[in-house]
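*Asks:* Attaching a single structure in structure tokens format; questions to follow.
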Amino acid sequence: MASKTAPTPGEVFAFIALCLLIGFPIVGYLWETINQLLSLRVTGTRLLISLPLLAAFIGLLLWMARRLQRWQT
223 MASKTAPTPG EVFAFIALCL LIGFPIVGYL WETINQLLSL RVTGTRLLIS LPLLAAFIGL
283 LLWMARRLQR WQT
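Structure (structure tokens):
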């Protein structure tokens with residue numbers, strides 16, 4: 223079992239950069255889908271693409287939360 227040590231600042235920076243790199247395009251796509259949905263101009267293809275992206279975004283948030291919680295203990 224790995225020892226529980228506090229992460230170095232480099233590890234924290236890399237973790238934040240990775241989460242932003244993955245999450246920012248997902249949020250942008252979902253945001254545009256919501257905008258199109260509210261203006262009633264959304265296509266079915268866009269909605270079908272958005273469903274797995276939404277699941278991936280929720281998974282990313284859960285992974286981030288678990289990782290941060292593990293670092294706090």
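Sequential numbering of the sequence shown, starting at 223, is according to this note's numbering.
Even glycine gets a Cβ: it sits at the ideal position worked out from N, Cα and C.
1. Between which residues of its own chain and Arg-268 is the CB-CB distance below 6 Å, once the five residues before and five after are set aside?
2. Looking at the unbroken alpha helix (DSSP H) that takes in Arg-297, where does it start and where does it end?
3. Nearest to Leu-275 by alpha carbon, out of Leu-262, Gly-250, Gln-291, Arg-289?
4. What is the rounded straight-line gap between the Cα of Gly-245 and the Cα of Leu-282?
5. Have a look at Leu-240 and Arg-288 and give me their C-alpha separation to the nearest angstrom.
*Replies:* The answer reads as follows:
1. Thr-255
2. A query on residue 297 cannot be resolved here, the shown segment of the chain reaching from 223 to 295 and no further.
3. Gly-250
4. 7 Å
5. 15 Å
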